[in-house]
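Novice: Under the UniProt record's numbering, the first residue of the sequence shown is numbered 1, with each subsequent residue one higher.
Just so you know, even glycine gets a beta-carbon here, dropped at the ideal spot from N, CA and C.
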Amino acid sequence: MKCQKNKGLSKEGMPQTLSSTSMFTPCSFSPHLHSSKEDEQGGLIFQDGNLTSASLDALIQHLIPTTDYYPEKAYIFTFLLSSRLFIEPHELLSRVCHKCIEQQRLDDPVLDKARIRKFGPKILQLLTEWTETFPYDFQEERMIGHLKDMIHRIAPCDEAYWKKMNQLLQTLNQKLATLSHGQEGIVKINAAVSDKLVAFKSKPPSIQREILSVCSDPYTLAQQLTHVELERLSHIGPEEFVQAFVHKDPLDGTKPCFSDQKTSNLEAYVKWFNRLCYLVATEICMPAKKKQRAQVIEFFIDVARECFNIGNFNSLMAIISGMNMSPVSRLKKTWSKVKTAKFFILEHQMDPTGNFYNYRTALRGAAHRSLTAHSNREKIVIPFFSLLIKDIYFLNEGCANRLPNGHVNFEKFLELAKQVGEFITWKQVECPFEQDANIIHYLHTAPIFTEDGLYLASYESESPENQTEKDRWKSLRSTILGKT
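#1: Name the one or two DSSP bridge partners that VAL296 has.
#2: I'd like to check one pair, LEU172 with THR131: are the Cβ atoms closer than 8 Å?
#3: Can you check which of these residues, LYS470, ASP471, GLU469 and LEU443, is closest to residue 485 by C-alpha distance?
#4: Tell me whether PHE86 sits in a helix, a strand or coil according to DSSP, three-state version.
#5: Checking the sheet assignment: what are the DSSP bridge partners for GLN47?
#6: If we ignore side chains and look at the alpha-carbon of each, how far apart do SER209 and GLU451 end up?
#7: Going by the DSSP bridge assignment, what does TYR69 pair with across the sheet?
#8: Among VAL296, LEU346 and VAL303, whose alpha-carbon lies nearest the alpha-carbon of VAL328?
#9: Which ranges does the alpha helix (DSSP H) cover as unbroken runs of at least 4 residues, wholly within the stretch 310-353, from first to last along the chain?
#10: Is the beta carbon of GLY43 within less than 7 Å of some heavy atom of the ligand ZN?
#11: Beta-carbon separation of LYS412 and GLY398 under 8 Å?
#12: Could you give the DSSP three-state label for ILE236: helix, strand or coil?
#13: Around the C-beta of GLY120, are 16 or more other C-beta atoms found within 10 angstroms, so that it is buried, or is it exposed?
#14: What is the C-beta distance between LEU179 and PRO238, in whole angstroms, given that I count them as a contact (C-beta under 8 Å)?
#15: Bridge partners of ASN376, per DSSP?
#16: Following the continuous alpha helix (DSSP H) through CYS277, name the residue where it begins and the one where it ends.
#17: If the criterion is Cβ atoms closer than 8 Å, does the pair LEU279 and ILE448 meet it?
#18: Can you look up VAL303 in the DSSP assignment and give me helix, strand or coil?
#19: Going by C-alpha to C-alpha distance, which of ARG369, ILE123 and LYS333 sits closest to GLU465?
#20: By the three-class DSSP mapping on this structure, what secondary structure does LYS248 have?
#21: Using a 10 Å radius around the Cβ and a threshold of 16 neighbouring Cβ atoms, would you call ASN314 buried or exposed?
#22: Mind the definition here: the stretch 54-69 touches the stretch 416-431 only if three or more C-beta pairs lie below 8 Å; say whether that holds.
#23: What are the boundary residues of the alpha helix (DSSP H) that includes TYR455?
#24: Using DSSP with H/G/I as helix, E/B as strand and the rest coil, what is ILE448?
#25: Is it buried or exposed for TYR393, if we count other Cβ within 10 angstroms and need 16 for buried?
#26: Look up VAL96 in the DSSP assignment and say whether it is helix, strand or coil.
#27: List the endpoints of the continuous alpha helix (DSSP H) containing GLU210.
#28: Find out if the Cβ-Cβ distance for the pair THR226, ILE440 is shorter than 8 Å.
#29: Identify whether ASN409 lies in helix, strand or coil by the three-state DSSP scheme.
#30: Does the stretch 431-439 come close enough to the stretch 99-109 that 3 or more CB-CB pairs lie under 8 Å?
#31: Roughly how many whole angstroms lie between the Cα atoms of HIS32 and CYS97?
#32: Does the distance from the CB of PRO89 to the CB of ASP158 come in under 8 Å?
#33: Excluding sequence positions up to five away, which residues of its chain have a Cβ less than 7 Å from the Cβ of VAL429?
#34: Short check: CB of ILE101 to CB of ILE154, under 8 Å?
#35: So the candidates are GLU469, LEU124 and GLY322; which of them puts its Cα closest to the Cα of CYS285?
#36: DSSP has ILE382 in a bridge; who is on the other side?
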């Protein structure tokens, strides 16, 4: 059974549900949630027709559908995302269900079927939206228990509700299985990398494969990096951006909202960025000859430029960071052979000055292109992830701080939802480039030097220039190579 839409609902000023495609657009995050007097008495504060703050209880009540009311899609996403700073999802769902049971008198011996048939599709729609947008919440048995209990209570009034529940659970299980499969793949990749690192330490670099033997075309490598980025991004749940920064609620003070922070996909993505930095540095430091090292640097400059053109800012920044690592930047004789004009242009684009003003300008341009795109190729926006995390951290801080009257700052909730919602839109883009399994396997599993290994390779390529470098070289030769 399909959930009924909100047509013809009589409650004055009832927000209209947005379509799923418009849920994450910037305009949907400054909704005019017009209020009736009843809403204001319920603890919701409006300014110029916009919801600005409220008690947590009032916001929970505003989430709950009735026979003639359904919350805006933008409100549902915003509240489900940010409320976890104050209340765990299982507790929130428990309170929603409890209030529904009370308000719709679902505990009565005889149910009002006409009433339930108006309410049923709306609570089912809310549960469906929750499972679709925050599927990881439902890895907890308690969440599934609350969901089933609610549907069991309304099902006697309409057999179609059983079918709807089964469809909902089937879709949820499929989604969780897909996400779990992706996580397992990342774990296997990391294990394979660990095995190769051991071998790498015991073999001379000359017998290792290098990137140019696997892929010598910068455009192709930039496309394959984009594949990896979008694959990794697809597993990150929106809630991870909030759960990474959960603190104690100052008005509760007894426990954090989460005993364990569920941020494994987010952390895996940060590790991928670090791996790419070290892979770039390793590939540059490995060749014995200066000319070959310069060739690798120029190759990666071209790859970085193609990443910029595609809209893959995360790989771009990882490549630049790898080339700016001290073991690479100290190779002055090598750099003297490199045509650096293109590199300096890219560095300028990612310059941290003015809180990354140049990058943010380029990102806005890519985001605008994505909104007006006619193809998946034009839709690609992969932000510099570490900076996105930093931005979201400060937004979380604003959300977590209650107002002096104890109210939750809903304006800050909207800012956070806008940023995370935009990210969700970007991560859902299907990669338009043909996948090359050989190149992607290399990117995931090629052995990389540790920082000490990079310095040793760098000193072996171009001799130390001062006493500090000489002492470090001697120490590294002793500890890594067993030489004096």
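Specialist: Taking the definition as stated:
#1: Partner(s): none; VAL296 has no beta bridge.
#2: yes
#3: Since the first and last residues shown for the chain are 1 and 484, residue 485 lies out of range.
#4: coil
#5: ASN50
#6: As written in the sequence, residue 209 is Arg, which differs from the Ser given in the question. So the two alpha carbons sit approximately 20 Å from each other.
#7: THR66
#8: VAL296
#9: 313-323, 326-329, 332-335 and 341-349
#10: Among the components modelled here there is no ligand, and therefore nothing to report on the ligand ZN.
#11: yes
#12: coil
#13: buried
#14: No, LEU179 and PRO238 are not in contact; Cβ-Cβ is about 13 Å, not under 8 Å.
#15: In DSSP, ASN376 forms no bridge with anything.
#16: 264-285
#17: yes
#18: helix
#19: LYS333
#20: Caution applies to LYS248, whose pLDDT of 47 falls short of 50 and renders its modelled position unreliable; the model cannot decide the point.
#21: buried
#22: no
#23: 451-461
#24: coil
#25: exposed
#26: helix
#27: First-last for GLU210: undefined, no H or E at that position.
#28: no
#29: strand
#30: no
#31: Note that HIS32 has pLDDT 48, beneath the 50 cutoff, so the model's placement of it is unreliable and the number below is only indicative. Cα to Cα, HIS32 sits roughly 27 Å from CYS97.
#32: no
#33: LEU230, ASN376, LYS379 and ILE380
#34: no
#35: GLY322
#36: ASN312
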